[in-house]
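Contents: one structure, followed by commentary.
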Amino acid sequence: MRIALPVAAAGLAAAVAGVFVTTSAGAATAAPTPVRSTPSTSEIEARLSTALAGDDTAGETSKSSLGASSSSSTSVDPKIIGGSTTTITTAPYMAQLWYGDNRGTSTTSDDIGFFCGGAVVAPTKILTAAHCVAGYNWKAHGVVVTGTAQLLSEDSSGNPDLHGGNPSGVWRQWNHPSYDDNTIDNDLAVLTLPNPVKATPIPMTTAGDTASYTGAAAKTAQVFGWGRTSSTSQDISDTLKTATLPIQSDATCSAEYGSDFIAGHMVCAGEPATGSDTGTTSACNGDSGGPLVVGGKVVGVVSWGVKDCVAAGAYSVFTKLTTYVAAAYPRIDDTNLSGDHKADLFVRNSSTKTGYEIDSKGTSLASRLSWGSHSAWNLVLQTDLDRDGYTDFIRRRASDGDLYWRHCVFPSNGTTCTWTNTLVGDNWKSRLAVVVPGDVTGDKLPDLLSVDSAGVLWIYPGKGNGRFATRVKVSTGWNQYNVVRGHGDLSNDGRADLLARNKSTGAVYLYKGTGKAGTGAFSARVKVRTWSGTTYNAFDAVGDVNGDGKADFLARTPGGTLYLYKGTGKATSEIFATRVSLGTSFKQYDLFG
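Reading the sequence shown from the start, the letters are residues -27 to -1, 1 to 566 in mature numbering (1 follows the signal peptide of the UniProt record, and there is no 0).
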């Protein structure tokens, strides 16, 4: 019987939620402005106190996940047995996830409270397990605590004690759309925080990584968490613990768990359990969602194990992150104006020069929202250059070609930001293309690309703060294309890609990102379509429009019909599914971004 590894909790924390409202924001452009809404101190304490007092199990299922839980044999259940105490300096990315919902009643009998672990993978992003997130409202009831190795507890007055940790609310949540709570398959989730945390992020592994799961490196995998430390007690650890677990082969895991173990989606680790605490080193209840680390990067997420974690021959089971990093990547590097994990459009009316946000509803679009006049600009692109979780823009001024980074700046302890323009490129009027595809160079920071008037493709490596390092030349000959677009991962390997259309033949080519800078930044092009100018005369690439974890593409006919081409993740002519019409009124727009 598998047991997920979350843990019932008694805890506290502070929360900050983020929402978008429409207000006037500086300069000449009226635009929706991000607003940080902070719960009162009493609400924060109530949320955490409910979590600390709870005895529920995250993602309760017929299998057993490794979350903090009761002793029920049908509970999700995690912990580290046989490990050693460590410090937050050793694992500064570790996060405590506390969920406390009092259900709006005066009685405590219907309260929901539990605890899971997680890892900071970007300043506003927490990687964790789907069984800790799916079916719960983390924005309304969750608290994430970073910066402390000490588990939350109650002080002498019965109030939550953060032990120096930094609490945060949750702005939005995502779990893998194919998560199965019976098999605990596709057990991966990402929480987005409303504010960047100070904790140092840990990078995720890449798609196609095999070295971390086999060979010498795999023998030094480390798991971190606050889960149970004994099979004979439900108590979880007061301090952060770690253990070294050798990663086992799929054959070994399948021999132990049969069809419960899904090779490719899961990986198991540790030496076979002995049947008791003595001689066993294992993750256990309360460790759910925590990271399995190899070589300084996350390669797995604590998912499930056997009841009480020490049954003879058993192993801890983790979500195999290399399989899922392509789905997680859009959640880390998203361009999502509405905050629902579906990439949205930005368009400009060619007559009025008014800019509009048009939010995605998956396979259709919501009503447009005005962002005021955009008459000064001839290019608008969405990105998040400073990694604060809020969409930024790259805009080029028509009069002189100057390129600006437009982002919203929050004052210290403030709730409402002010839109600010920062010059990032001087006189880019002659540039044939400007693209913000995400992380091209493999350093987990978003980059900027351009094609100059001579047809040279350049990468401007992002620094994660809206600034760029010295440009790096990729290759020549890009003046053969009249379209160069891209945002996100089209080939499902966790790396940002580009699409380019030849202006003479209409052939559309995929340039797969390699995660390198310079001449090796992209693999040899692959022809994926032929779209002449009479077929489509405008394109847009904003990321994952339908929320399935794969980057999509948008194309408009000369008649004004806009089509969604949902990405399949295949780097072939089958790169897109059958097109879906998003409407017929798009001839009125001259900018798409």
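Note that beta-carbon positions come from the ideal geometry of N, C-alpha and C, so glycine has one too.
In this text the structure is predicted, and so the values were computed from the model without any measurement.
Same chain only: Cβ atoms within 6 Å of residue i, ignoring 5 sequence neighbours per side
{"i": "G512", "result": "Here residue 512 turns out to be Phe, not Gly, going by the sequence shown. Taken in chain order, the residues that qualify are V456, R458 and A528."}
{"i": "Y297", "result": "L161"}
{"i": "V382", "result": "C390, T391 and T393"}
{"i": "F559", "result": "R529, G533 and L535"}
{"i": "G138", "result": "V118, G120 and T121"}
{"i": "R201", "result": "K52, I209, C257, N258 and G259"}
{"i": "S46", "result": "Reliability fails at S46, whose pLDDT of 31 lies under 50, so the model's placement of it is uncertain and no value is given."}
{"i": "H314", "result": "W147 and G520"}
{"i": "N510", "result": "P531"}
{"i": "R552", "result": "Y536 and Y538"}
Endpoints, the beta strand (DSSP E) within which residue i is located
{"i": "C381", "result": "L376 to V382"}
{"i": "E330", "result": "T327 to I331"}
{"i": "S232", "result": "It is not in any beta strand (DSSP E) - S232 carries neither H nor E in the DSSP assignment."}
{"i": "W431", "result": "L430 to Y433"}
{"i": "T165", "result": "A162 to T165"}
{"i": "V353", "result": "W350 to T356"}
{"i": "S276", "result": "K270 to W277"}
{"i": "N322", "result": "L318 to N322"}
{"i": "R368", "result": "D365 to R370"}
Contact check, residue i vs residue j, beta carbons under 9 Å
{"i": "N155", "j": "H238", "result": "no"}
{"i": "I432", "j": "V501", "result": "no"}
{"i": "K523", "j": "G506", "result": "no"}
{"i": "R379", "j": "T393", "result": "yes"}
{"i": "A301", "j": "G516", "result": "no"}
{"i": "T430", "j": "S403", "result": "Just to set this straight, residue 430 is Leu in the shown sequence, not Thr. No, they are not a contact pair."}
{"i": "N148", "j": "A107", "result": "yes"}
{"i": "P174", "j": "V93", "result": "yes"}
{"i": "Q146", "j": "K112", "result": "yes"}
{"i": "A480", "j": "N452", "result": "no"}
{"i": "A256", "j": "V275", "result": "yes"}
{"i": "A246", "j": "I220", "result": "no"}
{"i": "E18", "j": "N132", "result": "yes"}
{"i": "R468", "j": "G450", "result": "no"}
{"i": "L376", "j": "V407", "result": "yes"}
{"i": "L164", "j": "G91", "result": "yes"}
{"i": "Y109", "j": "D83", "result": "no"}
{"i": "G398", "j": "R440", "result": "no"}
{"i": "L555", "j": "L537", "result": "yes"}
{"i": "A194", "j": "A184", "result": "no"}
{"i": "E330", "j": "L352", "result": "no"}
{"i": "Y186", "j": "V267", "result": "yes"}
{"i": "S464", "j": "G542", "result": "yes"}
{"i": "G437", "j": "N168", "result": "no"}
{"i": "F88", "j": "A4", "result": "no"}
Beta-carbon proximity list for residue i, same chain, < 7 Å, skipping 5 on both sides
{"i": "A490", "result": "T414, I432, P434 and V445"}
{"i": "S454", "result": "Rather than Ser, the amino acid found at residue 454 in this sequence is Tyr. Hits under 7 Å: A473, R474, N475 and K476."}
{"i": "G493", "result": "T487"}
Opening and closing residue of the alpha helix (DSSP H) in which residue i lies
{"i": "A24", "result": "T14 to A26"}
{"i": "I305", "result": "L294 to I305"}
{"i": "residue 567", "result": "The shown model of the chain, from -27 to 566, leaves out residue 567, and the question about it has no answer."}
Cβ shell of residue i (< 8 Å), same chain only, five flanking positions each side left out
{"i": "T2", "result": "Since pLDDT at T2 reaches only 48, below the 50 mark, its modelled position is unreliable, and the value read off the structure follows with that caveat. Within the same chain, T2 has close Cβ partners G328, W344, G345, S346, H347 and W392."}
{"i": "D425", "result": "S403, R404, L405 and W431"}
{"i": "P176", "result": "V94, G269, K270, V271 and K417"}
{"i": "T545", "result": "V499 and V501"}
{"i": "W401", "result": "R369, G374, D375, L376, V407 and S423"}
DSSP three-state assignment for residue i, whether helix, strand or coil
{"i": "Q221", "result": "coil"}
{"i": "Y562", "result": "strand"}
{"i": "G493", "result": "helix"}
{"i": "T393", "result": "strand"}
{"i": "S340", "result": "coil"}
{"i": "T103", "result": "Checking the sequence shown, residue 103 turns out to be Ala, not Thr. The answer is helix: DSSP assigns A103 an H, G or I state."}
{"i": "T183", "result": "coil"}
{"i": "T119", "result": "strand"}
{"i": "T193", "result": "helix"}
{"i": "W451", "result": "helix"}
{"i": "W144", "result": "coil"}
{"i": "S57", "result": "strand"}
{"i": "R468", "result": "coil"}
{"i": "G459", "result": "coil"}
{"i": "N139", "result": "strand"}
{"i": "A1", "result": "Model confidence at A1 stands at a pLDDT of 44, short of 50, so the residue's coordinates are unreliable; what they give is reported in the following sentence. DSSP places A1 in coil when its eight states are reduced to three."}
is_contact[residue i, chain D] using C-beta, thresh 9 Å
{"i": "A95", "result": "In the displayed structure, chain D is absent; only one protein chain is listed."}
Starting from the N-terminal side, write out each stretch of the alpha helix (DSSP H) that is 4 residues or longer and does not extend beyond the segment 491 to 564.
Given a length threshold of 4 residues, the segment 491 to 564 has no whole run of the alpha helix (DSSP H) inside it.
In chain order, which beta strand (DSSP E) runs of at least 3 residues are fully inside the segment 399 to 447?
Segments of the beta strand (DSSP E) lying fully in the segment 399 to 447: 406 to 411, 420 to 424 and 430 to 433.
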